[in-house]
Each structure stands twice: as C-alpha cells, then as structure tokens.
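Novice: Residue 141 is where the sequence shown starts when you use the working numbering, and the numbers rise one by one after that.
My questions all concern the structure below.
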Amino acid sequence: YLVWATLGVILGGRMGYVLFYNAATYLNDPLSIFAVWQGGMSFHGGLGGVIVATIVFCRRRGIDLWLFSDRVACVAPIGLFFGRLANFINGELFGRVTDVSWAVVFPRGGPDPRHPSQIYEALGEGVLLFAVLMWLARSEPLRRRPGLLTGVFMAGYGGVRTVVELFRQPDAHIGFLSFGSTTGQWLSVPLILAGLFLIFRAKPGK
C-alpha cells in the first residue's frame with residue numbers, strides 16, 4: 141500500500157498544485173508540469189490522490205475500504221507533523237508578518253519577522269489531530285462505525301488548515317481572494333463538508 145499511497149501523493153499533489161495554484165503558468169508551458177524537482181505540491185491534491193489510490197488498492201485486494209481508511213487516517217497526522225517540520229526547516233510556506241515574541245525571520249521571507257505557521261500546522265494537523273483520533277480509536281463503539289475516523293481526520297484537517305491560513309502568507313502569485321480569504325481556506329471547505337458527511341453517515345456494522 142505504501143507504494144500506492146506514495147504515487148497518489150506525488151501525482152495528486154502535483155496536479156492539485158497545477159490546477160489550484162498555478163494553472164496559467166503550466167498552460168503556457170505544459171512540460172514544466174513534470175518538473176517536480178522545481179517544487180510545487182498541494183496537500184489537498186495529494187489527499188485526493190491518496191483517496192483514489194486507497195480506493196483502487198482496497199478494491200484490488202478485496203479489503204473493506206472504510207475499515208482500512210480509518211486505520212490510515214489514524215497515522216496520517218504523524219506524516220503531516222514531520223512534513224510541516226520539514227517546511228519550517230526549509231523556510232518555506234511561512235506565515236504573515238507579525239510582532240509576536242516567537243516570530244521568526246525566514247531567509248526567503250525578507251527581513252520582517254513572521255508567524256512560524258508551519259509549527260502551528262504541525263501542532264494542529266499533527267499533534268492535536270493525532271491525539272483526537274487516538275482517543276476516539278480507543279472507544280470500541282466508535283471503532284464499529286467504519287468511516288467515522290476518516291471523517292474526523294478530513295473535517296479536523298480542514299478546520300485546522302482554515303484557522304492556520306489566518307496566519308499563513310498566501311502564495312505571492314495568488315494573494316488574497318474575496319473577503320480576505322485564501323485558496324487553502326476555500327479548498328478546505330469541501331474537505332470539511334465531506335468529513336462531516338462521513339461522520340454522520342457512519343453507522344455501527346456498516
């Protein structure tokens with residue numbers, strides 16, 4: 141499954157970035173879509189790729205989709221935690237300019253101190269979401285509701301991302317959207333809705 145998931149992350153993440161964040165550039169130079177070493181990945185696209193890969197994998201192996209996805213959802217925050225720490229170390233995807241005492245000056249962010257939004261995401265998407273999922277997974281009645289933990293992960297990630305986007309610097313070539321919102325927030329809305337749908341549809345024995 142790890143191979144399937146990795147391919148899903150790479151292909152989905154790249155296509156998500158192309159479609160959601162930089163479509164005009166890649167329309168003018170389609171071959172640059174394959175230049176993944178130049179950077180440009182989207183979490184929402186990567187998640188979509190993993191979802192497709194998981195569905196195909198489970199169908200080919202005859203595995204119950206929701207039971208399997210619940211297990212994947214429980215460990216996914218670990219990967220998100222280390223991924224956001226890597227973003228922080230690389231000085232990328234930094235936050236907005238601020239004067240808080242824990243602000244950080246990033247080499248790529250100019251001379252002004254900024255929110256370490258990568259750390260906020262690591263704590264929210266990683267530590268907090270992992271703790272919530274582990275707590276829920278310890279409940280036998282909840283474990284008997286296939287799809288519930290998957291829904292909690294999706295809604296939880298979308299909620300954390302929406303909040304952290306308030307501190308994160310939007311991509312320079314996109315900027316802010318209507319009402320001061322960001323692309324990340326808009327992409328998180330369907331994720332939250334899908335997560336809530338899974339939570340409420342999860343029934344014991346299904």
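Heads up, the beta-carbon is just placed ideally off N, CA and C, and yes, glycines get one too.
Quick caveat: nothing in here was measured; it's all calculated off a predicted structure.
Could you tell me how far apart the beta carbons of P247 and R284 are, in whole angstroms, since I believe they sit closer than 8 Å?
Specialist: The pair is not a contact, with the Cβ atoms about 50 Å apart (cut-off 8 Å).
Novice: Which residue from W144, A262 and L288 puts its Cα closest to that of M274?
Specialist: L288
Novice: Using a Cβ-Cβ cut-off of 6 Å (strictly less than) and excluding sequence neighbours within five positions of L336, which residues of its own chain qualify?
Specialist: A295
Novice: Quick one: Cα of K346 to Cα of P286, how far?
Specialist: The pLDDT assigned to K346 is 46, lower than 50, so where the model puts this residue is not dependable; a value taken from the coordinates is nonetheless given after this. Separation of K346 and P286 (C-alpha to C-alpha, rounded to the nearest whole angstrom) is 6 Å.
Novice: Give a yes or no on contact between the segment 216-232 and the segment 309-320, applying the rule of three or more CB pairs nearer than 8 Å.
Specialist: no
Novice: Any heavy atom of the ligand NAP closer than 6 Å to the Cβ of G296?
Specialist: The ligand NAP is absent from the structure shown, which contains no ligands of any kind.
Novice: Short of 6 Å in beta carbon distance, which residues of its chain neighbour G291, apart from the five on each side in sequence? Order them along the chain.
Specialist: G335, L338 and I339.
Novice: Over the uninterrupted alpha helix (DSSP H) stretch that includes M181, give me the two end residues.
Specialist: Neither: M181 is in no alpha helix (DSSP H) and is coded neither H nor E.
Novice: In the DSSP assignment, the alpha helix (DSSP H) including Y141 goes from what residue to what residue?
Specialist: Here Y141 belongs to no alpha helix (DSSP H), and DSSP marks it neither H nor E.
Novice: CA-CA distance, G298 and L331?
Specialist: If I take the Cα positions, the gap works out to 6 Å.
Novice: With which residues is R278 paired in a DSSP beta bridge?
Specialist: None, per the DSSP bridge assignment.
Novice: So, using beta-carbon positions, are C214 and A145 closer together than 7 Å?
Specialist: Not closer than 7 Å, so no.
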